[in-house]
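Asks: For the protein sequence lines, the chains are U and C, in the order given. Mapped onto our numbering, the consecutive letters of the first sequence carry residue numbers 32 to 395. Mapped onto our numbering, the consecutive letters of the second sequence carry residue numbers 32 to 395.
Number of protein chains: 2
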Amino acid sequence: MTSLPGSPLAAQMDRIDRARTARRERYTLRDERITLSHGSGGKASRNLIEGLIAPLIGNDALNVRDDCAVLDGSVLRLAFTTDAYVVSPLFFPGGDIGSLAVHGTINDLATAGARPLGLSLSFILEEGLETDVLRRIAASIRAAADAAGAPIVTGDTKVVHRGKADGMFITTSGVGRIPEGVSLSGAHVRPGDRVLLSGSIGEHGIAVMLAREALELEADIRTDSAPLHDLAAAVLAAAPATRCLKDPTRGGVATSLNEIAQQADVGIALDDGLIPVRQEVRAACEILGLDPLHIANEGKLIAIVPHEASQAALAAMRAHPFGRDAAIVGEVVEGPEDMVVVRTSAGGARVLDMLVGDPLPRIC
Amino acid sequence: MTSLPGSPLAAQMDRIDRARTARRERYTLRDERITLSHGSGGKASRNLIEGLIAPLIGNDALNVRDDCAVLDGSVLRLAFTTDAYVVSPLFFPGGDIGSLAVHGTINDLATAGARPLGLSLSFILEEGLETDVLRRIAASIRAAADAAGAPIVTGDTKVVHRGKADGMFITTSGVGRIPEGVSLSGAHVRPGDRVLLSGSIGEHGIAVMLAREALELEADIRTDSAPLHDLAAAVLAAAPATRCLKDPTRGGVATSLNEIAQQADVGIALDDGLIPVRQEVRAACEILGLDPLHIANEGKLIAIVPHEASQAALAAMRAHPFGRDAAIVGEVVEGPEDMVVVRTSAGGARVLDMLVGDPLPRIC
Numbered sequence: 032m033t034s035l036p037g038s039p040l041a042a043q044m045d046r047i048d049r050a051r052t053a054r055r056e057r058y059t060l061r062d063e064r065i066t067l068s069h070g071s072g073g074k075a076s077r078n079l080i081e082g083l084i085a086p087l088i089g090n091d092a093l094n095v096r097d098d099c100a101v102l103d104g105s106v107l108r109l110a111f112t113t114d115a116y117v118v119s120p121l122f123f124p125g126g127d128i129g130s131l132a133v134h135g136t137i138n139d140l141a142t143a144g145a146r147p148l149g150l151s152l153s154f155i156l157e158e159g160l161e162t163d164v165l166r167r168i169a170a171s172i173r174a175a176a177d178a179a180g181a182p183i184v185t186g187d188t189k190v191v192h193r194g195k196a197d198g199m200f201i202t203t204s205g206v207g208r209i210p211e212g213v214s215l216s217g218a219h220v221r222p223g224d225r226v227l228l229s230g231s232i233g234e235h236g237i238a239v240m241l242a243r244e245a246l247e248l249e250a251d252i253r254t255d256s257a258p259l260h261d262l263a264a265a266v267l268a269a270a271p272a273t274r275c276l277k278d279p280t281r282g283g284v285a286t287s288l289n290e291i292a293q294q295a296d297v298g299i300a301l302d303d304g305l306i307p308v309r310q311e312v313r314a315a316c317e318i319l320g321l322d323p324l325h326i327a328n329e330g331k332l333i334a335i336v337p338h339e340a341s342q343a344a345l346a347a348m349r350a351h352p353f354g355r356d357a358a359i360v361g362e363v364v365e366g367p368e369d370m371v372v373v374r375t376s377a378g379g380a381r382v383l384d385m386l387v388g389d390p391l392p393r394i395c
Numbered sequence: 032m033t034s035l036p037g038s039p040l041a042a043q044m045d046r047i048d049r050a051r052t053a054r055r056e057r058y059t060l061r062d063e064r065i066t067l068s069h070g071s072g073g074k075a076s077r078n079l080i081e082g083l084i085a086p087l088i089g090n091d092a093l094n095v096r097d098d099c100a101v102l103d104g105s106v107l108r109l110a111f112t113t114d115a116y117v118v119s120p121l122f123f124p125g126g127d128i129g130s131l132a133v134h135g136t137i138n139d140l141a142t143a144g145a146r147p148l149g150l151s152l153s154f155i156l157e158e159g160l161e162t163d164v165l166r167r168i169a170a171s172i173r174a175a176a177d178a179a180g181a182p183i184v185t186g187d188t189k190v191v192h193r194g195k196a197d198g199m200f201i202t203t204s205g206v207g208r209i210p211e212g213v214s215l216s217g218a219h220v221r222p223g224d225r226v227l228l229s230g231s232i233g234e235h236g237i238a239v240m241l242a243r244e245a246l247e248l249e250a251d252i253r254t255d256s257a258p259l260h261d262l263a264a265a266v267l268a269a270a271p272a273t274r275c276l277k278d279p280t281r282g283g284v285a286t287s288l289n290e291i292a293q294q295a296d297v298g299i300a301l302d303d304g305l306i307p308v309r310q311e312v313r314a315a316c317e318i319l320g321l322d323p324l325h326i327a328n329e330g331k332l333i334a335i336v337p338h339e340a341s342q343a344a345l346a347a348m349r350a351h352p353f354g355r356d357a358a359i360v361g362e363v364v365e366g367p368e369d370m371v372v373v374r375t376s377a378g379g380a381r382v383l384d385m386l387v388g389d390p391l392p393r394i395c
């Protein structure tokens with residue numbers, strides 16, 4: 032994206048920058064102690080990050096607030112990302128902390144349009160962890176990395192005293208190569224763009240919660256955890272003008288779209304009836320009083336593309352095994368700015384906000 | 032390093048490869064539960080890594096067992112590394128978990144001859160952590176990153192329930208660019224090479240231990256935690272034929288040199304009287320029954336260089352603020368293979384082995 036000083040685009044970017052700075056300055060952290068909601072990915076997380084971590088650590092690369100940094104290696108552009116995994120329990124229907132960590136890092140790279148060159152793997156183990164649990168997780172990591180063609184190239188293992196961790200935490204980082212000409216960011220989104228979702232939502236969060244809590248709910252819900260780099264590449268090939276890709280994990284689709292609306296200083300309107308939700312997930316959410324739009328996914332991709340490219344992007348998604356149930360679920364609008372609205376089939380509308388905390392902590 | 036099939040060098044590399052494979056196959060993990068010694072960096076760690084993690088996750092890049100992976104980005108070579116930091120307490124004389132994490136990752140990149148392009152930062156926070164503690168750590172991270180010219184470009188923050196972590200764990204990863212022509216590895220070491228050490232040893236481990244334990248010891252010992260990429264660059268400029276660089280952290284100089292001896296299938300002989308140890312550290316080690324060679328350092332560099340380049344490398348180290356007390360402390364010998372021996376001034380010799388566990392757990 033080229034922008035000349037004085038051009039309408041440059042003026043727009045300036046306005047977005049100023050709005051972004053002003054918005055960040057509104058975040059403050061008044062809490063004296065860390066609470067679970069600070070790890071939720073929602074508003075409390077934003078307060079922690081914008082009110083404490085970013086002012087201390089921020090720089091131009093970090094300040095873009097995409098899920099993946101772009102490093103300029105002079106002759107090629109690199110994507111670089113990291114995530115800690117603290118999911119409880121370690122095993123859940125359809126996956127475990129190991130495959131989840133591999134998929135999550137691949138997916139953050141995919142949001143920059145990058146394919147993984149290599150992943151790093153850092154274990155923090157609790158004294159007393161059954162070795163066999165570690166063995167099963169390591170095998171799962173290997174299988175997930177092999178299946179995705181994403182080698183684990185470096186690692187570290189630490190152990191802490193019994194009672195000082197919760198079995199196992201994993202941090203994975205990833206480095207990927209960004210193809211020439213690809214430049215994706217939430218900040219590129221424009222009014223008129225369409226919002227695509229690669230499939231049904233809420234499965235990961237609900238699957239982990241059902242595995243954790245001794246609930247009376249009997250439902251066959253498995254995590255959707257999957258590597259999305261191929262799906263992302265297919266979308267970019269079909270719709271090179273794609274503005275941004277995002278994997279709606281912690282905080283769900285609601286949080287991801289609110290972040291994009293704030294990055295680009297636009298509004299986003301979703302159509303309730305178009306959002307794919309499996310019947311079992313909808314039923315579980317109703318019983319638990321949760322909105323599927325706030326539940327984490329680990330194998331879904333949001334793509335925001337110009338209107339004229341949206342059918343091509345949708346067809347590319349549907350042609351991929353991980354995108355069979357893809358749908359165009361909404362559009363980007365001028366305003367209200369920095370806000371996501373859900374339009375109901377009855378003609379009403381409700382504001383879809385980020386939550387302060389997470390209804391389901393430690394699902395990733 | 033070029034090696035033609037059939038050349039003496041190729042035959043030597045083949046022999047090393049076979050020996051390495053045979054040696055790895057000897058490691059087994061019989062323990063049913065993780066113990067603190069599995070995180071020590073010593074033999075128990077090797078059993079865990081070679082007996083469980085590597086067989087499941089290993090690949091050509093990981094199998095080299097350097098502290099830092101080399102990624103081939105086609106047109107440039109990248110260094111990529113990760114480390115988890117679980118040090119207790121979070122603050123200790125001369126540093127804290129934040130500056131330690133930044134320095135540690137920069138130093139792992141430096142062992143590949145790379146300068147950092149960017150670092151990632153992943154926090155795992157315990158519910159109830161005082162926000163002010165996080166604020167101080169974040170400020171320390173920023174200061175360390177700025178001072179080293181190593182920007183934090185991406186990050187993640189998770190929170191776990193009270194009692195499920197120990198205040199804070201940090202995982203940092205780093206990506207660096209390796210200058211053309213630089214190829215460092217423990218596997219490159221040859222008999223006749225000299226072993227250089229950039230300064231006095233044992234300060235980090237003893238400083239953390241004194242901060243942790245309510246000991247009667249009154250000693251002014253501060254961590255040596257420091258970023259070593261400039262020092263590494265100075266050594267490589269003065270001695271381009273340098274075989275390998277290593278930062279002797281967990282398990283100390285003893286563990287690092289044993290790892291190199293095993294990587295290259297050679298022996299290493301140290302001269303006891305040449306190893307710089309500060310008087311306070313020596314005294315503390317005597318009281319505690321510890322060998323300074325087993326204690327972790329976070330600001331020291333081991334360089335193994337051809338004999339003819341050793342004086343140039345030493346002069347370059349001594350000209351740098353972090354290498355003022357550098358010394359040539361030993362040499363690489365034909366045998367006994369895979370072993371480190373310390374020659375005493377009285378003419379004796381003792382085997383310097385890796386420990387099974389760590390006398391000082393959680394010092395990084």
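Don't be surprised by glycine CBs; every beta carbon is placed ideally from N, CA and C. From a predicted model like this one, the values you see are computed outputs, not experimental measurements.
Which value, in whole angstroms, describes the spacing of the CA atoms of Ala-295 of chain C and Pro-124 of chain C?
Replies: Mapped onto the second sequence, residue 295 of chain C falls at position 264. Mapped onto the second sequence, residue 124 of chain C falls at position 93. Each residue's Cα considered, the two are about 37 Å apart.
Asks: Looking at chain C, is there any beta carbon in it that lies within less than 8 Å of the beta carbon of His-69 of chain U?
Replies: Residue 69 of chain U sits at position 38 when you count from the first residue of the first sequence. Interface residue, yes.
Asks: Any idea if Ser-287 of chain U is buried or exposed, counting beta-carbon neighbours within 10 angstroms, 16 or more meaning buried?
Replies: Here residue 287 of chain U corresponds to residue number 256 of the first sequence, with the count starting at 1. Buried: at least 16 other Cβ atoms inside 10 Å.
Asks: So for Arg-395 of chain U, helix, strand or coil by DSSP?
Replies: As a working note, residue 395 of chain U is residue 364 in the first sequence. The amino acid occupying residue 395 of chain U in the given sequence is Cys; Arg does not appear at that position. Coil at Cys-395 of chain U, not helix or strand.
Asks: Mind checking who Tyr-116 of chain C pairs with in its DSSP beta bridge?
Replies: Locating residue 116 of chain C in the second sequence gives position 85, counting from the first residue. Paired residue(s): C:Ile-201.
Asks: Would you say Val-213 of chain C faces chain U, with C-beta separation under 8 Å as the test?
Replies: The residue you call residue 213 of chain C lines up with position 182 of the second sequence. No, Val-213 of chain C does not count as interfacial toward chain U.
Asks: If we cut at 8 Å on Cβ distances, does Leu-109 of chain U have a partner in chain C?
Replies: By one-based count along the first sequence, residue 109 of chain U stands at place 78. Taking Cβ atoms only, chain C reaches closer than 8 Å to Leu-109 of chain U, which makes this a yes.
Asks: Look at the alpha carbon of Ile-232 of chain U and the alpha carbon of Ser-376 of chain U, and state the distance between them as a whole number of angstroms.
Replies: Start at 1 with the first residue of the first sequence, and residue 232 of chain U comes out as number 201. Start at 1 with the first residue of the first sequence, and residue 376 of chain U comes out as number 345. Roughly 19 Å separates the two Cα atoms.
Asks: Counting only beta-carbon atoms, is Leu-60 of chain U nearer than 8 Å to chain C?
Replies: The residue you call residue 60 of chain U lines up with position 29 of the first sequence. Closer than 8 Å: yes.
Asks: Compile a chain-ordered list of the residues in the region 180-207 of chain U whose CB is closer than 8 Å to at least one CB of chain C.
Replies: Pro-182, Ile-183, Val-184, Thr-185, Gly-186, Asp-187, Thr-188, Lys-189, Val-190, Val-191, His-192, Gly-194, Lys-195, Ala-196, Asp-197, Phe-200, Thr-202, Ser-204 and Val-206
Asks: Can you give me the C-alpha to C-alpha distance between Leu-202 of chain U and Asp-261 of chain C, rounded to a whole angstrom?
Replies: In the first sequence, the residue the question calls residue 202 of chain U occupies position 171. In the second sequence, the residue the question calls residue 261 of chain C occupies position 230. The amino acid occupying residue 202 of chain U in the given sequence is Thr; Leu does not appear at that position. Roughly 28 Å between the two C-alpha positions.
Asks: How big is the Cα-Cα spacing for Phe-154 of chain C and Glu-63 of chain C?
Replies: As a first step, residue 154 of chain C is located in the second sequence; it is residue number 123 there, counting from the start. As a first step, residue 63 of chain C is located in the second sequence; it is residue number 32 there, counting from the start. Put simply, the backbone Cα of Phe-154 of chain C is about 29 Å away from that of Glu-63 of chain C.
Asks: Going by Cα to Cα distance, which pick from U:Val-373, U:Gly-354 and U:Thr-112 is closest to Gly-361 of chain U?
Replies: Counting from 1 along the first sequence, the entry for residue 361 of chain U is found at position 330. When only C-alpha atoms are compared, the closest one is U:Val-373.
Asks: Drop a sphere of 10 angstroms on the beta-carbon of Ala-178 of chain C, count the other beta-carbons inside from all chains shown, and report buried for 16 or more, exposed for fewer.
Replies: Translated into the one-based positions of the second sequence, residue 178 of chain C becomes position 147. Ala-178 of chain C is exposed by the Cβ-count criterion.
Asks: So for Arg-166 of chain U, helix, strand or coil by DSSP?
Replies: Within the first sequence, the letter at position 135 stands for residue 166 of chain U. It is helical.
Asks: Give me the Cα-Cα distance between Ser-130 of chain U and Pro-258 of chain C, rounded to the nearest whole angstrom.
Replies: In the first sequence, the residue the question calls residue 130 of chain U occupies position 99. In the second sequence, the residue the question calls residue 258 of chain C occupies position 227. Their backbone Cα atoms lie some 34 Å apart in a straight line.
Asks: Indicate whether at least one CB of chain C lies closer than 8 Å to the CB of Ile-396 of chain U.
Replies: The structure shown does not extend to residue 396 of chain U, since chain U is modelled only from 32 to 395, so the question has no answer here.
Asks: Three or more C-beta pairs under 8 Å: does that hold for the region 161-174 of chain C against the region 235-242 of chain C?
Replies: no
Asks: Helix, strand or coil: how does DSSP classify Glu-311 of chain C here?
Replies: To locate residue 311 of chain C, count along the second sequence from 1; it is residue 280. Note: Glu-311 of chain C maps to helix in three-state DSSP.
Asks: Going along the chain, which residues of its own chain have a beta-carbon closer than 8 Å to the beta-carbon of Met-348 of chain C, five neighbours each way excluded?
Replies: Counting from 1 along the second sequence, the entry for residue 348 of chain C is found at position 317. Answer for Met-348 of chain C: Leu-227, Ser-229, Leu-262, Ala-265, Val-266, Leu-332, Ala-334, Gly-354 and Ala-357, listed in chain order.
Asks: Would Leu-425 of chain C pass as an interface residue toward chain U - the criterion being a Cβ-Cβ separation below 8 Å?
Replies: This structure leaves residue 425 of chain C out entirely; chain C is present only between 32 and 395.
Asks: Does Thr-66 of chain U have its Cβ less than 8 Å from a Cβ in chain C?
Replies: Residue numbering aside, residue 66 of chain U sits at position 35 when the first sequence is read from its first letter. So yes, Thr-66 of chain U belongs to the interface.
Asks: Along the chain, where does the alpha helix (DSSP H) that runs through Arg-243 of chain U open and close?
Replies: Taking the first sequence and counting its residues from 1, the one referred to as residue 243 of chain U is at position 212. Counting along the chain, the alpha helix (DSSP H) containing Arg-243 of chain U begins and ends at 234-243.
Asks: Does the region 270-290 of chain C come close enough to the region 191-211 of chain C that 3 or more CB-CB pairs lie under 8 Å?
Replies: These segments do not touch.
Asks: Have a look at His-338 of chain U and Ile-359 of chain U and give me their C-alpha separation to the nearest angstrom.
Replies: In the first sequence, counting from the first residue as 1, residue 338 of chain U sits at position 307. In the first sequence, counting from the first residue as 1, residue 359 of chain U sits at position 328. Those two C-alpha atoms are separated by around 10 Å.
Asks: Is there at least one Cβ from chain U nearer than 8 Å to Asp-296 of chain C's Cβ?
Replies: Here residue 296 of chain C refers to the residue found at position 265 of the second sequence. Cβ-Cβ to chain U under 8 Å: no for Asp-296 of chain C.
Asks: Run through DSSP, which three-state label would Ala-380 of chain C get?
Replies: The residue given as residue 380 of chain C occupies position 349 in the second sequence. Three-state DSSP puts Ala-380 of chain C in a strand.
Asks: Rounded to a whole number of angstroms, what is the C-alpha to C-alpha distance between Thr-136 of chain U and Arg-381 of chain C?
Replies: Within the first sequence, residue 136 of chain U is the residue found at index 105, counting from 1. Within the second sequence, residue 381 of chain C is the residue found at index 350, counting from 1. Near 47 Å, if we compare the C-alpha coordinates of Arg-381 of chain C and Thr-136 of chain U.
Asks: Runs of 3 residues minimum, wholly inside the region 121-188 of chain U: which ones carry the beta strand (DSSP E) assignment?
Replies: 146-157
Asks: Along the alpha helix (DSSP H) that carries Met-348 of chain C, what are the first and last residues, could you check?
Replies: Taking the second sequence and counting its residues from 1, one reaches residue 348 of chain C at position 317. First-last of the alpha helix (DSSP H) with Met-348 of chain C: 341-349.
Asks: Does DSSP put Glu-56 of chain C in a helix, a strand or coil?
Replies: Reading the second sequence from its first residue, position 25 is the one you call residue 56 of chain C. Here Glu-56 of chain C sits in helix by DSSP.
Asks: According to DSSP, Gly-230 of chain U sits in a beta bridge with which residue or residues?
Replies: If you number the first sequence from 1, residue 230 of chain U lands on position 199. BP columns for Gly-230 of chain U are empty, so no partner.
Asks: Does Asp-356 of chain C come within less than 8 Å of chain U when only Cβ atoms are used?
Replies: Reading the second sequence from its first residue, position 325 is the one you call residue 356 of chain C. It does not; no Cβ of chain U falls within 8 Å.
Asks: Report yes or no: is there a C-beta of chain U within less than 8 Å of the C-beta of Glu-249 of chain C?
Replies: Here residue 249 of chain C is taken as the residue at index 218 of the second sequence, counted from 1. By this cut-off, Glu-249 of chain C is not an interface position.
Asks: Using DSSP with H/G/I as helix, E/B as strand and the rest coil, what is Asp-302 of chain U?
Replies: Translated into positions along the first sequence, residue 302 of chain U becomes position 271. In this structure, Asp-302 of chain U counts as strand in the three-state DSSP scheme.
Asks: What separation, rounded to the nearest whole angstrom, lies between the Cα atoms of Leu-150 of chain U and Thr-185 of chain U?
Replies: Translated into the one-based positions of the first sequence, residue 150 of chain U becomes position 119. Translated into the one-based positions of the first sequence, residue 185 of chain U becomes position 154. Approximately 7 Å, taken between the alpha carbons.
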